[in-house]
Every structure is written in C-alpha cells, then in structure tokens.
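Peer 1: Have a look at the structure that comes next, please.
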Amino acid sequence: MTMADRQGLAQDTGVAAAAAPAALPRHIAIIMDGNGRWATQRGLPRVEGHRRGVEALRRTLKAARDIGIEIVTVYSFSSENWSRPPAEVSALMGLLKRFIRNDLAELHEANVRVRIAGDRTALDPDIRALLVEAEALTARNLGQTLIVAFNYGSRQEIAAAARALAEEVARGERTPESITPEAIEARLNTAGIPDPDLVIRTSGEMRLSNFLMWQAAYAELVFQPVLWPDYGREALEEALAEYGRRERRYGGLAAGR
Ligand code: FPP
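So the sequence shown is residues 3 to 259, counted in my numbering.
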C-alpha cells in the first residue's frame, strides 16, 4: 500500500481529524494487557478474559487495516508467561491454535502476511506446524504484516543474535569488529521489518516487559487505561491521535532550536 493509499484510508475512516495522516505510524506494536483483571472484575475465570482478548484483537486488526497501518505486532505470550498456572498456559496455547485455524483464511483473504516472533522450540509440534502453515500460506501477501509474538522475550532474542554472531566469529567467518547494530538487527526475529513507531500498552501498566526492547529504541510509547478485552477501533484511534501529537526527534533537535 502506498503512502497516498494510507492517507486516503485514514481520511475515509475519519481518523484524519484526530491524527494527521502524515503522522500515521507505519508499524504499531501492542502489549495486550489486562485480560485477567477484566475477567476478575466480572467474577469470570481469567481464561474468559483471554477469550475476549482474542475478539478485541480481531476488532483491532480490522481497524488497523481500515486505517492503513502497514505492520502490527502483538505480544500474545511472553517467555515469562510459562510461570502462570498450567491451565492458563494451556488455554493460551489453545487460543493461539484456534486463532490461527479460524482466522487464517480471513487474514489471507485480506492480503495479510503473518509472521511469528519468538522461540518455537518449546511449543507443541501441532502448534509449530500451524505456525509454519500460516507463514507459508501468507508469505507473498503484500497488504498488512501481522507479527504475532508468541513465547517471545526481547532479552532471549538479543542473546540468540549474540550467540549466532559469536559462532560466526568462532568459525572465522567474521571479525568482532564487524559486529554492528545492523549485524545484530539482521539476526533478530524481526529482521527486515522496520522498527515500531508506536508501542501501545493497555491496562495502565507502564512497562515494556521484555517486548521489542531493541526495536523500540525510538518508538513513541502510549499507555492507555483501557483493559485489553475492551479495546477496539475507538481506543486505537485515540492512541494514533496521541502519536500524531508527539514530536519525534531521534536524538536530534526540535525544529527551530
Ligand atoms: C495479558 O493479560 C495478556 C496476555 C498474557 C496474553 C495476551 C493474549 C491474548 C490477547 C489472547 C491470545 C491471542 C492470541 C493470538 C493467542 P493478563 O493476563 O496479564 O492480565 P492481568 O494483568 O489483568 O492479569
């Protein structure tokens, strides 16, 4: 999608008034937090919060496509989430399976390219097979890119990149001096994907929690009080409006200073 298309879409969906089209982020990354609290507040099991979280994810992805966001990354399961009760871990695994099974055809139809970030080695073989299928089916789609971070941790990702580079040095294929930020970037799960411009975290928590710490070096961070199961088009537009009001300097000076 061209920039002009994205701007046109932004105007069509009415987001233009809130966030200037020129300031639309290319890549947004979302920490979908607050599922458990949403459920507990209603006297429901935590797993019900995650189920409703998948519905919020569907709504939000559809809105992001309509608005013309090129890349969306979502944090669906962190490397640290294994420490949750086994029933909750297995419910999250089940939701990923169902999400891929039920939504893959629609995502493919919508020209979405699906990529998975994170360590797959610890996942069940049937989930691994589904992830491979989702990536293969959608690999040539040129619309939106959806990156599902699953069993993902930023420190683990950076350590793996460091390990890969150290092995290349040990084999005599490169020198330590050749290890640049670009060399590390090329070995991250997100290699070739532009960095997120905007990181959104819901539920009022203000942390990155081991999510895209390398990639988010210059991202704008927007924290919203809404719990993830209540998220959707309106909340996304509010986050985009906030992003539109920020001045991004990348370590430089503001205009006119
Ligand atoms: C944080 O809420 C959310 C998660 C740990 C998982 C996010 C998962 C989904 C939105 C559904 C799964 C989606 C896919 C694609 C598998 P929390 O449980 O930490 O909430 P709390 O802080 O209120 O307890």
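Ideal Cβ positions, reconstructed from N, Cα and C, are used throughout, including at glycine.
Along the chain, where does the beta strand (DSSP E) that runs through residue 225 open and close?
Peer 2: 222-225
Peer 1: Using the beta-carbon count (16 or more within 10 Å), is residue 209 buried or exposed?
Peer 2: exposed
Peer 1: At the level of alpha carbons, what is the spacing between residue 166 and residue 236?
Peer 2: Rounded to the nearest angstrom, the two C-alpha atoms are 42 angstroms apart.
Peer 1: Measuring straight from C-alpha to C-alpha, what distance separates residue 101 and residue 132?
Peer 2: 10 angstroms
Peer 1: Please give the ranges of any beta strand (DSSP E) in the segment 141-183, keeping only runs that are unbroken, at least 3 residues long and fully inside the region.
Peer 2: 147-154
Peer 1: Under 8 angstroms, with one C-beta from each stretch per pair, do the segment 244-251 and the segment 74-88 reach the 3-pair mark?
Peer 2: no
Peer 1: Say yes only if the C-beta of residue 34 is nearer than 7 angstroms to one or more non-hydrogen atoms of the ligand FPP, and no if none qualify.
Peer 2: yes
Peer 1: Can you tell me whether residue 230 sits near the ligand COA, meaning its C-beta is under 7 angstroms from at least one heavy atom of the ligand?
Peer 2: Although the ligand COA was asked about, the structure shown includes only the ligand FPP as ligands.
Peer 1: Does DSSP put residue 119 in a helix, in a strand, or in coil?
Peer 2: strand
Peer 1: Taking residue 73 as part of the beta strand (DSSP E), name the residues at either end of that continuous run.
Peer 2: Residue 73 -> beta strand (DSSP E) spans 73-80.
Peer 1: When you measure from the CB of residue 205 to every non-hydrogen atom of the ligand FPP, does any distance come out below 7 angstroms?
Peer 2: yes
Peer 1: Is there at least one non-hydrogen atom of the ligand FPP closer than 7 angstroms to the beta-carbon of residue 37?
Peer 2: yes
Peer 1: Can you tell which of 51, 108 and 162 has the C-alpha that lies nearest to the C-alpha of residue 185?
Peer 2: 162
Peer 1: Are residue 34 and residue 204 closer than 8 angstroms when you measure CB to CB?
Peer 2: yes
Peer 1: Examine the ligand FPP and report whether any of its heavy atoms sits within less than 7 angstroms of the Cβ of residue 200.
Peer 2: no
Peer 1: How big is the Cα-Cα spacing for residue 255 and residue 58?
Peer 2: 38 angstroms
Peer 1: Buried or exposed: which applies to residue 104, given that a residue is buried once 16 or more other Cβ atoms fall within 10 Å of its Cβ?
Peer 2: exposed
Peer 1: Compare the beta carbon distance of residue 30 and residue 198 with 8 angstroms and say whether it is the shorter of the two.
Peer 2: yes
Peer 1: Could you tell me which residues DSSP pairs with residue 33 in its beta bridges?
Peer 2: Partner(s): 77 and 203.
Peer 1: Where are the alpha helix (DSSP H) runs, 4 residues long or more, that stay fully inside the segment 40-72, in chain order?
Peer 2: Runs of the alpha helix (DSSP H) lying entirely within the segment 40-72 and spanning at least 4 residues, in chain order: 48-69.
Peer 1: Grouping DSSP H, G and I as helix and E and B as strand, with all else coil, what is residue 101?
Peer 2: helix
Peer 1: On the DSSP letters alone, give me the boundaries of the alpha helix (DSSP H) that residue 245 sits inside.
Peer 2: 235-247
Peer 1: Using a Cβ-Cβ cut-off of 6 angstroms (strictly less than) and excluding sequence neighbours within five positions of residue 191, which residues of its own chain qualify?
Peer 2: If we look at residue 191 and ignore the five residues flanking it on each side, its Cβ neighbours are 119 and 159.
Peer 1: Cα-Cα, which of 147, 27, 36 and 51 is closest to residue 207?
Peer 2: 36
Peer 1: Could you check if residue 157 belongs to the surroundings of the ligand FPP, using beta carbon to heavy atom distance under 7 angstroms?
Peer 2: Not so, every heavy atom of the ligand FPP lies at least 7 angstroms from the Cβ.
Peer 1: Does DSSP put residue 26 in a helix, in a strand, or in coil?
Peer 2: coil
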